[in-house]
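Residue numbering for the sequence shown is 13 to 237, as defined by the numbering used here. Just so you know, even glycine gets a beta-carbon here, dropped at the ideal spot from N, CA and C. Down below is the structure, laid out as structure tokens.
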Amino acid sequence: VFSPDGARVVTASWDSTARVWDARTGAPVGAPLQHKGSVTSAVFSPDGARVVTASWDKTARVWDARTGAPVGAPLQHKDAVTSAVFSPDGARVVTASWDSTARVWDARTGAPVGAPLQHKGSVTSAVFSPDGARVVTASWDSTACVWDARTRDPVGAPLQHEGSVTSAVFSPDGARVVTASDDHTARVWDARTGAPVGAPLQHKDAVTSAVFSPDGARVVTASWD
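Dropping the structure here:
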């Protein structure tokens with residue numbers, strides 16, 4: 013993914029590293045971001061000063077995007093970490109893990125913030141709402157859930173599919189969530205109540221991702237079909 017200013021790119025690899033690169037020249041910027049297992053995701057902070065990585069080594073890590081030096085302690089799970097992203101203000105990180113939890117962390121120190129967000133199956137993704145007040149998680153337990161990012165309480169009913177949920181993201185205004193599932197559908201939901209909005213978006217095989225357009229008027233889906 014690109015940095016917010018578009019000047020750099022960060023990549024994640026099965027070689028147990030992430031790397032920052034100059035987007036114009038392709039030259040590496042700083043040292044490799046080194047894990048002890050495959051790196052599943054890497055993204056910049058909103059100000060572009062840091063990178064957060066997720067790895068099969070059961071940790072996520074925050075790094076200085078210029079030097080490659082670690083920032084704070086590792087964000088430790090009990091199983092592989094599938095994704096890690098910053099909050100909109102860059103103060104927190106939310107991670108998703110095969111240990112059936114998502115967790116919110118202090119992005120500066122690496123300390124956990126509150127209790128884990130608990131599912132009954134591996135958590136495939138976790139992201140903040142645009143205002144940072146909520147988190148949506150997707151899980152192999154066939155649900156996505158919206159949570160209050162401060163209290164960790166669920167917001168509305170679980171977003172129920174008939175197969176594993178592979179991704180869940182908010183609309184740009186935070187009012188809706190779109191989920192993708194192995195049940196061959198994507199679905200749009202009311203992010204406050206958990207009620208479905210409109211008919212399922214039907215494919216002929218598992219849906220791997222679904223995201224809103226920047227204006228929130230459309231959804232694009234990707235599928236194994």
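Going by beta-carbon coordinates alone, are Gln88 and Lys70 separated by less than 8 angstroms? A contact, by the Cβ cut-off of 8 angstroms.
According to DSSP, what are the bridge partners of Thr29? In DSSP, Thr29 forms a bridge with Gln46.
May I have the straight-line CA-CA distance separating Pro128 from Gly60, to the nearest angstrom? Those two C-alpha atoms are separated by around 27 angstroms.
Pick from Ala66, Phe182, Asp237 and Pro226 that is closest to Thr149, judged by C-alpha positions: For the options Ala66, Phe182, Asp237 and Pro226, the alpha carbon positioned closest to that of Thr149 is the one of Phe182.
Of the residues Phe224, Asp165 and Val219, the one placed nearest Asp237, counting alpha carbons only: Minimum Cα distance to Asp237 is reached at Val219.
Enumerate, from N- to C-terminal direction, the unbroken beta strand (DSSP E) stretches of 3 or more residues contained entirely within the stretch 155–190. Listed in chain order, they are 155–160 and 177–182.
Own chain partners of Pro142 with C-beta closer than 8 angstroms, once the 5 adjacent residues on each side are dropped: Result list for Pro142: Pro100, Phe182, Pro184, Asp185 and Gly186, in chain order.
Inter-residue Cα distance where the pair is Gly168 and Ala222: Approximately 21 angstroms between the Cα atoms of the pair.
Output needed for Ala103: all residues of its chain with C-beta closer than 7 angstroms, excluding positions within five of it in sequence on either side, in chain order. Apart from the 5 residues on each side of it in sequence, Ala103 sits with its Cβ closer than 7 angstroms to the Cβ of Ala119 in its chain, given in chain order.
Comparing alpha-carbon positions, which option in Gly84, Val105 and Val83 lies nearest Val93? Measuring from the Cα of Val93, the nearest candidate turns out to be Val105.
Have a look at Ser176, Ser179, Ala145 and Asp153 and flag the residue whose alpha-carbon is nearest the alpha-carbon of Thr163. Ranking Ser176, Ser179, Ala145 and Asp153 by Cα distance to Thr163 puts Ala145 first.
Span of the beta strand (DSSP E) holding Val105? Its beta strand (DSSP E) spans residues Arg104 to Ser109.
Return the residue from the list Gly80, Ala96 and Val74 that minimises the CA-CA distance to Pro86. That would be Val74, whose Cα lies nearest to the Cα of Pro86.
Selection from Val97, Asp27, Lys132 and Thr233 that minimises the alpha carbon distance to Val116: Of Val97, Asp27, Lys132 and Thr233, the residue nearest in Cα terms is Val97.
Let me know the beta strand (DSSP E) ranges lying completely inside the stretch 67–102, each 3 residues or longer, listed in chain order. The stretch 67–102 contains these whole beta strand (DSSP E) runs: 71–76, 82–88 and 93–98.
Proximal residues to Arg230 (C-beta, below 8 angstroms), its chain only, five neighbours per side dropped: Short of 8 angstroms from the beta carbon of Arg230, and not among the five residues preceding or following it, lie these beta carbons of its own chain, in chain order: Phe224.
Are the CB atoms of Val158 and Arg188 within a distance shorter than 8 angstroms? Cβ distance not < 8 angstroms, so Arg188 and Val158 don't count as in contact.
Report the option in His215, Pro226, Ser134 and Gly122 whose CA atom is closest to the CA atom of Ala114. Ranking His215, Pro226, Ser134 and Gly122 by Cα distance to Ala114 puts Ser134 first.
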